[in-house]
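*Asks:* Quick one: structure below, then a few questions.
Protein chains: 2
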Amino acid sequence: MDLASLSTPSLILDHARFRKNVDRVYAKLLRHPGVSLRPHLKTVKSIDAAREIIRYGLNKATVSTLQEAEYFAENGVTDILYAVAAAPAKLDRIGRLIDAGVRMCVVVDDIGVARSVTEWARGRERPIGVMIEIDSDGHRSGVTPEDEKLIKIADALGAKEGVDFVGVMTHAGESYRCKTREAIADMAERERSGAVGAADRIRRAGIACNEVSVGSTPTFLFAKHLEGVTEARVGVAYLNDLTMTGLGVCGLEDIAISVLATIIGHQRDKNRIIVDAGWMALSSDCSAPSQRIFAGLGVVADIGGRIIPGLGVLSANQEHGIISSADGGALDFAGLPVGGRLRIYPNHACATAAAFREYKVVTSGDEVVATWSRCAGW
Amino acid sequence: MDLASLSTPSLILDHARFRKNVDRVYAKLLRHPGVSLRPHLKTVKSIDAAREIIRYGLNKATVSTLQEAEYFAENGVTDILYAVAAAPAKLDRIGRLIDAGVRMCVVVDDIGVARSVTEWARGRERPIGVMIEIDSDGHRSGVTPEDEKLIKIADALGAKEGVDFVGVMTHAGESYRCKTREAIADMAERERSGAVGAADRIRRAGIACNEVSVGSTPTFLFAKHLEGVTEARVGVAYLNDLTMTGLGVCGLEDIAISVLATIIGHQRDKNRIIVDAGWMALSSDCSAPSQRIFAGLGVVADIGGRIIPGLGVLSANQEHGIISSADGGALDFAGLPVGGRLRIYPNHACATAAAFREYKVVTSGDEVVATWSRCAGW
Chain F
15 MDLASLSTPS LILDHARFRK NVDRVYAKLL RHPGVSLRPH LKTVKSIDAA
65 REIIRYGLNK ATVSTLQEAE YFAENGVTDI LYAVAAAPAK LDRIGRLIDA
115 GVRMCVVVDD IGVARSVTEW ARGRERPIGV MIEIDSDGHR SGVTPEDEKL
165 IKIADALGAK EGVDFVGVMT HAGESYRCKT REAIADMAER ERSGAVGAAD
215 RIRRAGIACN EVSVGSTPTF LFAKHLEGVT EARVGVAYLN DLTMTGLGVC
265 GLEDIAISVL ATIIGHQRDK NRIIVDAGWM ALSSDCSAPS QRIFAGLGVV
315 ADIGGRIIPG LGVLSANQEH GIISSADGGA LDFAGLPVGG RLRIYPNHAC
365 ATAAAFREYK VVTSGDEVVA TWSRCAGW
Chain H
15 MDLASLSTPS LILDHARFRK NVDRVYAKLL RHPGVSLRPH LKTVKSIDAA
65 REIIRYGLNK ATVSTLQEAE YFAENGVTDI LYAVAAAPAK LDRIGRLIDA
115 GVRMCVVVDD IGVARSVTEW ARGRERPIGV MIEIDSDGHR SGVTPEDEKL
165 IKIADALGAK EGVDFVGVMT HAGESYRCKT REAIADMAER ERSGAVGAAD
215 RIRRAGIACN EVSVGSTPTF LFAKHLEGVT EARVGVAYLN DLTMTGLGVC
265 GLEDIAISVL ATIIGHQRDK NRIIVDAGWM ALSSDCSAPS QRIFAGLGVV
315 ADIGGRIIPG LGVLSANQEH GIISSADGGA LDFAGLPVGG RLRIYPNHAC
365 ATAAAFREYK VVTSGDEVVA TWSRCAGW
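Residue numbers (our numbering), protein chains in the order written: chain F, 15 to 392; chain H, 15 to 392.
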């Protein structure tokens, strides 16, 4: 099977780029002795991809849903952090994974939930791991390092039967709004110092706090040092996207996924080409609108993945993508015939990949060398 | 099973509202004698929903992907319009449905594709239906009613072996940008007259053109008359969403789907509540941004579906929704406890429903009375 004979739209993974991205994360990790990696698998959602990302045994991973946790556990991943604040109603489902031998860790930022977890865990044979989520950047969830609740929550969790209070974790999602690498490095330091400071406060209160987990793709890649940190999490770094390019985190040539589409129409009077990849395939999500490098849904390349300068998906309907030139220049309709194929690099890899149930993996050339499954849902 | 014990996020379908929406479409249809209905199933993507939408035998339906065509055909739908311009590479897959006894109709707006279809169809046992897509509003695809290509394409399709040239179809997608019901009615007339005018031109050229198919939810519901039209297509009308409310097409109380979410965090200092429904569950798509009634991802209701005035999902990450008050008023944290449940009405029903593999169907009260499957992918 080659790219010309695949059904469209299909999700293409460039294996050489993917491996280079994985290598880059490991190379950065070598600069931070004492820090281990817990890749966030919410982006790839694929055990085949995870096997290349988690190179030294299928252990530490991060997930965003319990469906991901179950999928990766069934496929041999043994140590999973569920990085979305736990709701008490989800504990029994998590407990089934723990009973099956998986080391599961949840995050909490609420004293009531911490008490619910402690109560639920009492008397259980295998402990549940718990981390306190720290708000290091005002982005979303967590308790601030200075919050008086921090010690109360740690106290509710520390040295309790059935609970393995592991430490603190944070995610500097605000790094997606940074304008320069220096700003990202500053955000990385804010993330690091916030998490380390929170851990130190807990320790000073006499409660053991071993792990300090940080991570976003931009902050991990541009952190100057990670003193006091024990674990880093990255997700989108393995695939990359136009948002990461806009942030200066990667080049266009590092984006490992694209959507293969077929040209289904010419609108010559409007200087537009219609393809069979709309928002259902491309996603309307733009993870950091302020960082867009193109005011649309994706950048257009030929079937070989080589970018066609100036061409982008301007807008989309459910199954129609509307391509034109960003600067209004006349399209080369003869070179882009109806029935021809294009590849579209997405704004947000996590969102675009989520529309598909599998990756078609290519190396150099057009041949599809593997099909990697993806999980979905909750 | 009731709403309090479902896993979250889940997609909830209010059956009473759905039936009322279906009834409304049929009531409008009665005002247009001679027009038959070909519901667009790209919104519901569910045979269970389709059985209530296509009341009098599982015949005429519209789809947006071949996967939908195959799914609905396997479940007994016999007459399917694939309403996205056909690519020649898709004909063999369409042919397998025709061979299985399904009446399949494709749309074309390109002379080259029309010739490819004719060539492909020659000698086949059962004919392929073909319609010419008319661009009645400059929205996306199609040939304009006056375009010289119109007759050339009709000539390439008319009276050809294996081809059943059915007629013309159009979709006034620009109706989603209208500001008033009068503007929608004007757009409906533009849609109708464009399609009827194109059919008349084809007939004057001596080519039979029986069907004139029009439709968008706004134009169908507010068309003053449909003289010369034989078929109408609507999709989102059965579920409705905030975009349709913003357009004045329906009320908030007519939105039949919502996303059930659990409150997983309080950010009291930021006046925010965090829920476990992010953009993965809600979708970032907003089908008509100019028609937003709320500058966010959804309007918030209690577990019974009753809207909590002023509350909305302001922003979202992959699995986190950030809820606050639209006017900055202080949230009632005590009334919205961590672990509690909310329902979120979406901007765009087609996009939000696409994140889920099933609907949890409720009538009055909290009990889930049925689970309706959905199809997905291509």
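Even glycine gets a Cβ: it sits at the ideal position worked out from N, Cα and C.
1. Using a C-beta cutoff of 8 Å, does CYS389 of chain F count as contacting chain H?
2. Need the endpoints of the alpha helix (DSSP H) that CYS364 of chain F sits in, please.
3. Closest Cβ-Cβ distance between THR79 of chain F and chain H: below 8 Å?
4. How far does the alpha helix (DSSP H) with HIS54 of chain H in it extend, from its first residue to its last?
5. Just checking my contact of ALA212 of chain F with ILE148 of chain F at CB under 8 Å: how many whole Å lie between their CB atoms?
6. As a quick exercise: from F:MET15, F:HIS46, F:ASN285, pick the residue whose alpha carbon is nearest that of GLY326 of chain F.
7. Ordered along the chain, which non-local residues of its own chain (more than five positions away) have a Cβ less than 8 Å from that of ILE167 of chain F?
8. Going by C-alpha distance, which of H:ALA64, H:ALA219, H:ALA63, H:ALA30 is nearest ALA173 of chain H?
9. Identify every residue that forms a DSSP beta bridge with ASP161 of chain F.
10. Taking 8 Å as the cut-off, decide whether the C-beta atoms of LEU55 of chain F and PHE32 of chain F are in contact.
11. Can you check the segment 289 to 368 of chain H for any alpha helix (DSSP H) of at least 4 residues that lies completely inside it and give the ranges in chain order?
12. Contact criterion: CB-CB distance below 8 Å. Does ILE336 of chain H meet it with respect to chain C?
13. Nearest-angstrom Cα distance between LEU350 of chain F and ASN361 of chain H?
14. So with CB distances below 7 Å, who are the chain F contacts of TRP392 of chain H?
15. Using the rule of at least 16 other Cβ atoms within 10 Å of the residue's Cβ for burial, across every protein chain shown, is PRO53 of chain H buried or exposed?
16. Determine, using beta carbons only, whether TYR429 of chain F and ALA63 of chain F come nearer to each other than 8 Å.
17. So which residues of chain H does ALA368 of chain F contact, with C-beta pairs closer than 9 Å?
18. Since ILE317 of chain F contacts LEU17 of chain F with CB under 8 Å, what's their CB separation in whole angstroms?
19. Of all the options F:TRP134, F:ARG45, F:TYR373, F:ILE337, which has the alpha carbon lying nearest to the alpha carbon of ASP282 of chain F?
20. Using 8 Å as the threshold, is the C-beta distance between ILE94 of chain F and ALA83 of chain F below it?
21. Which stretch, first to last residue, makes up the alpha helix (DSSP H) that contains SER150 of chain H?
22. Tell me which residues share the same chain as TRP134 of chain F and place their Cβ nearer than 6 Å to its Cβ, disregarding the 5 neighbours each side in the sequence.
23. Could you tell me whether any Cβ in chain H is nearer than 8 Å to the Cβ of PRO102 of chain F?
24. Rounded C-beta distance between LEU25 of chain H and VAL382 of chain H? I'm assuming under 8 Å.
25. LYS56 of chain H CB to nearest chain F CB: under 8 Å?
26. Give the DSSP-derived three-state secondary structure of ASP190 of chain H in the structure shown.
27. Going by C-alpha distance, which of F:THR233, F:ALA209, F:GLY208 is nearest ALA197 of chain F?
28. When you compare only the Cα positions, how much space is there between ALA367 of chain H and VAL58 of chain H?
29. CYS119 of chain H touches chain F at which residues, Cβ-Cβ below 9 Å?
30. Can you give the Cα-Cα distance for VAL341 of chain H and ALA309 of chain H, rounded to whole angstroms?
*Replies:* In brief:
1. no
2. 363 to 367
3. Yes, because at least one Cβ of chain H sits closer than 8 Å to the Cβ of THR79 of chain F.
4. Per DSSP, HIS54 of chain H belongs to no alpha helix (DSSP H) and is neither H nor E.
5. 5 Å
6. It is F:ASN285 whose Cα lies nearest to the Cα of GLY326 of chain F.
7. VAL122, ASP123, ASP124, ILE125, ALA128, ILE146, VAL157
8. H:ALA219
9. Its beta-bridge partners do not exist; DSSP assigns none.
10. no
11. 293 to 296, 363 to 367
12. Absent from the structure: chain C. Protein chains present are F and H.
13. 34 Å
14. Here the neighbours are SER21, PRO23.
15. Buried: at least 16 other Cβ atoms inside 10 Å.
16. What is shown of chain F runs 15 to 392, which leaves residue 429 of chain F out entirely.
17. MET294, GLN332, ALA369
18. Contact flag correct, Cβ pair sits at about 5 Å.
19. According to the sequence provided, residue 282 of chain F is Arg. The question's Asp does not apply to it. Selected option, being the one with the closest Cα: F:ILE337.
20. Between ILE94 of chain F and ALA83 of chain F, the CB-CB gap stays under 8 Å.
21. It is not in any alpha helix (DSSP H) - SER150 of chain H carries neither H nor E in the DSSP assignment.
22. Apart from the 5 residues on each side of it in sequence, TRP134 of chain F sits with its Cβ closer than 6 Å to the Cβ of LEU105 in its chain, given in chain order.
23. For PRO102 of chain F, the answer is yes, since a Cβ of chain H falls inside 8 Å of its Cβ.
24. A Cβ-Cβ separation of about 11 Å leaves LEU25 of chain H out of contact with VAL382 of chain H under the 8 Å criterion.
25. yes
26. The sequence as given places Tyr at residue 190 of chain H; Asp does not occur at that position. In this structure, TYR190 of chain H counts as helix in the three-state DSSP scheme.
27. F:THR233
28. Between the alpha carbons of ALA367 of chain H and VAL58 of chain H lies a gap of roughly 8 Å.
29. What CYS119 of chain H touches in chain F: nothing, since even the nearest Cβ is about 16 Å away.
30. Correcting the residue type first, residue 341 of chain H is Asp in the shown sequence and not Val. Computed Cα separation, rounded: 11 Å.
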